[in-house]
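Here is the structure we will look at.
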Amino acid sequence: MFYRQYYSELGKMLYAIANVDGVISEKEKDTLKQLVRKELAPSEKHTDKFGTDAAYYTEIEFDILEDTLQDSDAAFDSFIDFLESHHTAIDQHMRDATLKITKQLATIHHKPNKKVVELIKKLEKVLKLLEASTG
Numbered sequence: 000m001f002y003r004q005y006y007s008e009l010g011k012m013l014y015a016i017a018n019v020d021g022v023i024s025e026k027e028k029d030t031l032k033q034l035v036r037k038e039l040a041p042s043e044k045h046t047d048k049f050g051t052d053a054a055y056y057t058e059i060e061f062d063i064l065e066d067t068l069q070d071s072d073a074a075f076d077s078f079i080d081f082l083e084s085h086h087t088a089i090d091q092h093m094r095d096a097t098l099k100i101t102k103q104l105a106t107i108h109h110k111p112n113k114k115v116v117e118l119i120k121k122l123e124k125v126l127k128l129l130e131a132s133t134g
């Protein structure tokens, strides 16, 4: 259950990054799918009761948020709250993967805008605090 929830929350983070300008491009959606397949799914061993790799919940959540036109700031805050609430369960691999794919999605249109840079800095700060608190 934890891994499915983590990946759903990660989908919220990535949605916030992609939707920061109010528009999600096909390139951003395609990049998200590639990141899930190439960066997340290969190392994830957990599945749901239907055999779906937990990493694909990132893509599922992203699609749900896009379809329902959710607020990007609320999606970002939800992910940060999740990290802080579950900091002892978030290992170094998860922290590294989170930051790596967030930065990759943020830079597909070359240089990220000011708001994206601010979100990534906040994410980095939270991840560093979590790393320090878990050793």
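According to numbering that gives the first Met the number 0, the sequence shown is numbered sequentially starting from 0. Cβ coordinates follow ideal geometry from the N, Cα and C atoms, glycine included.
- Message: Can you look up residue 80 in the DSSP assignment and give me helix, strand or coil?
- Response: Helix, per DSSP.
- Among 58, 5, 8, nearest to residue 28 - alpha-carbon criterion: Cα-wise, what sits closest to residue 28 is 58.
- Message: Taking 8 Å as the cut-off, does the segment 115-122 touch the segment 45-59 (at least 3 CB pairs, one atom from each stretch)?
- Response: Segments in contact, no.
- Strand pairing of residue 52, partner residues [DSSP]: In the DSSP secondary-structure assignment, residue 52 is bridged to 46.
- Task: Name the two residues that bound the continuous alpha helix (DSSP H) containing residue 36.
- Result: No alpha helix (DSSP H) holds residue 36; DSSP gives it neither H nor E.
- Would residue 86 pass as a contact of residue 129 if the rule is Cβ separation under 7 Å? Taking 7 Å as the Cβ cut-off, residue 86 and residue 129 qualify as a contacting pair.
- Message: Here's the rule: buried if 16 or more other CB atoms are within 10 angstroms of the residue's CB, otherwise exposed. What is residue 19?
- Response: Looking at its Cβ environment, which holds 16 or more other Cβ atoms inside 10 Å, residue 19 is buried.
- Message: Quick check on the DSSP output: the alpha helix (DSSP H) that includes residue 133 runs from which residue to which?
- Response: Under the DSSP assignment, residue 133 falls in the alpha helix (DSSP H) whose first and last residues are 113-133.
- Who are the near neighbours of residue 32 in its chain, counting only those whose CB is closer than 8 Å to its CB and skipping five residues on each side? Taking C-beta separations shorter than 8 Å and ignoring five residues to either side along the sequence, the partners of residue 32 in its chain run 58, following chain order.
- For my contact list, residue 64 and residue 5 are in at a C-beta cut-off of 8 Å; report their separation, rounded to the angstrom. Between residue 64 and residue 5 the beta-carbon gap is near 16 Å, outside 8 Å, which marks them as no contact.
- Query: What do you reckon, are the CB atoms on residue 43 and residue 10 nearer than 7 Å?
  - Reply: Contact flag unset, no.
- Query: Would a C-beta distance cut-off of 7 Å place residue 8 and residue 78 closer than the cut-off?
  - Reply: With contacts defined as CB atoms closer than 7 Å, residue 8 and residue 78 qualify as a contacting pair.
- Query: What is the rounded straight-line gap between the Cα of residue 1 and the Cα of residue 104?
  - Reply: Separation of residue 1 and residue 104 (C-alpha to C-alpha, rounded to the nearest whole angstrom) is 24 Å.
- Task: For residue 22, count neighbouring Cβ atoms within 10 angstroms of its own Cβ and tell me buried if that reaches 16, exposed if not.
- Result: Exposed is the call here.
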